Amino acid sequence: MTAAIGRPAPAKLNLFLHVTGRRADGYHLLDSLVAFAGQGDHIEAAPSDQLSLKIDGPFAAALSAEPDNLVLRAARLLAEAAGRPAQAALRLTKTLPVASGIGGGSADAAAALHALMNLWKIALPEDVLAALALQLGADVPVCLLGRSARLSGVGETLEPVALPALPLVLVNPGQPLSTPAVFKARQGPFGAPAPEAIPTDPTALVSFLAAQRNDLASAAIALLPAISDVLDLLQRQPGCLLARMSGSGPTCFALMQTEDAATEAAHTIGRERPGWWAVATRLTGR
Ligand code: C5P
Numbered sequence: 001m002t003a004a005i006g007r008p009a010p011a012k013l014n015l016f017l018h019v020t021g022r023r024a025d026g027y028h029l030l031d032s033l034v035a036f037a038g039q040g041d042h043i044e045a046a047p048s049d050q051l052s053l054k055i056d057g058p059f060a061a062a063l064s065a066e067p068d069n070l071v072l073r074a075a076r077l078l079a080e081a082a083g084r085p086a087q088a089a090l091r092l093t094k095t096l097p098v099a100s101g102i103g104g105g106s107a108d109a110a111a112a113l114h115a116l117m118n119l120w121k122i123a124l125p126e127d128v129l130a131a132l133a134l135q136l137g138a139d140v141p142v143c144l145l146g147r148s149a150r151l152s153g154v155g156e157t158l159e160p161v162a163l164p165a166l167p168l169v170l171v172n173p174g175q176p177l178s179t180p181a182v183f184k185a186r187q188g189p190f191g192a193p194a195p196e197a198i199p200t201d202p203t204a205l206v207s208f209l210a211a212q213r214n215d216l217a218s219a220a221i222a223l224l225p226a227i228s229d230v231l232d233l234l235q236r237q238p239g240c241l242l243a244r245m246s247g248s249g250p251t252c253f254a255l256m257q258t259e260d261a262a263t264e265a266a267h268t269i270g271r272e273r274p275g276w277w278a279v280a281t282r283l284t285g286r
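Start counting the sequence shown at 1; every next residue gets the next number (this note's numbering).
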């Protein structure tokens with residue numbers, strides 16, 4: 001009997017996020033540097049004669065295992081593309097806050113695709129898999145790639161970038177934010193893309209990132225002012241090199257000087273704001 005197959009679903013961070021335009025269908029054109037954190041959800045796929053999903057973990061209650069769950073949609077789309085029945089017992093361990101700008105749902109869908117391709121012993125042509133991932137969501141292709149990359153288009157164009165494994169803190173103010181609502185609330189002209197070359201040296205990278213933006217931050221703050229408090233608090237932590245919102249928010253991250261500084265900051269923030277989610281982790285460095 002085939003054993004269950006487990007795959008990590010790491011949190012995605014937008015180290016910068018420039019909104020450079022909008023397509024005729026309403027989707028926005030982006031220029032973003034995406035990296036992954038050590039912290040994430042987990043997917044397990046076991047053999048079964050039907051398709052099912054069980055959700056556990058600290059954020060399980062925020063999510064339902066209804067058919068429109070992204071993990072189940074991923075399983076059905078993959079089975080259809082491979083011309084086989086969608087049969088698997090899936091388990092999602094949800095340790096990332098839901099609707100929070102760190103791609104939890106996209107990472108789960110990508111991890112489910114990896115686990116199921118392994119379980120079902122199928123391989124799809126790269127372009128078919130890429131199209132399937134994009135159909136599930138703009139962040140799914142980069143999560144499927146699973147390594148840091150410069151993202152453009154609406155999320156379909158990816159260029160891998162090597163990044164240092166910097167320590168980091170993730171903080172979420174405990175309230176969800178709708179991605180479409182944030183894109184809709186964005187105002188003003190579209191921004192310019194970032195310079196072409198991204199430094200790999202940690203000090204140069206932090207200076208480079210400090211000159212870039214998250215073009216969704218002001219719209220997200222207008223919808224959820226607590227994001228300003230998160231950024232202020234992160235910036236005040238000893239050893240904070242740079243604090244930014246990720247994606248459409250509300251989760252923010254701070255790149256930290258040392259691992260100890262990251263741990264200390266997560267403790268301090270967790271103590272001061274008991275309803276918030278604060279964890280110390282690091283960029284995966286790939
Ligand atoms: O692709 P995904 O389902 O993650 O996107 C959610 C919503 O975010 C879209 O319906 C769209 O309103 C907005 N979005 C966008 N441009 C992108 C990605 C997302 O406008 N590149």
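Note that the Cβ used here is the ideal one computed from N, Cα and C, for glycine as well. Bear in mind the structure is a predicted one, so any value in this text is a computation, not a measurement.
Going by DSSP, Asn118 is part of the alpha helix (DSSP H) stretching over 104-119. Residue state for Arg91 is assigned as strand, using DSSP reduced to three classes. In this structure, Ala89 places its C-beta atom within 7 Å of the C-beta atom of Ser52. Taking a 10 Å sphere around the C-beta of His18, we find 16 or more other C-beta atoms and assign the residue as buried. Following the DSSP letters along the chain, one finds Ser52 inside the beta strand (DSSP E) bounded by residues 51-56. Bounds of the alpha helix (DSSP H) holding Arg76 are 70-82. Relative to Pro10, the option among Arg76, Ala226, Lys94 whose CA is nearest is Lys94.
For His114, the distance from the CB to the nearest heavy atom of ligand 1 is not below 6 Å.
A distance below 7 Å separates the beta carbons of Asp108 and Leu92. If you check the CB distance, Asn214 and Arg236 do not come in under 7 Å. Cα atoms of Gly26 and Ser152: separation of roughly 16 Å, rounded to the nearest angstrom. Per the C-alpha coordinates, the member of Thr251, Gly239, Met117, Thr281 positioned closest to Gln257 is Gly239. Distance between Arg147 and Glu66, taken at the CA atoms: about 29 Å.
One alpha carbon belongs to Val182, the other to Ser246, and they sit about 12 Å apart. Arg282 is a Cβ neighbour of Gly38, given a cutoff of 7 Å. DSSP, read as helix, strand or coil, puts Ile43 in strand. C-alpha of Val98 to C-alpha of Gly57: approximately 12 Å in a straight line. In this structure, Ala86 places its C-beta atom within 7 Å of the C-beta atom of Ala75.
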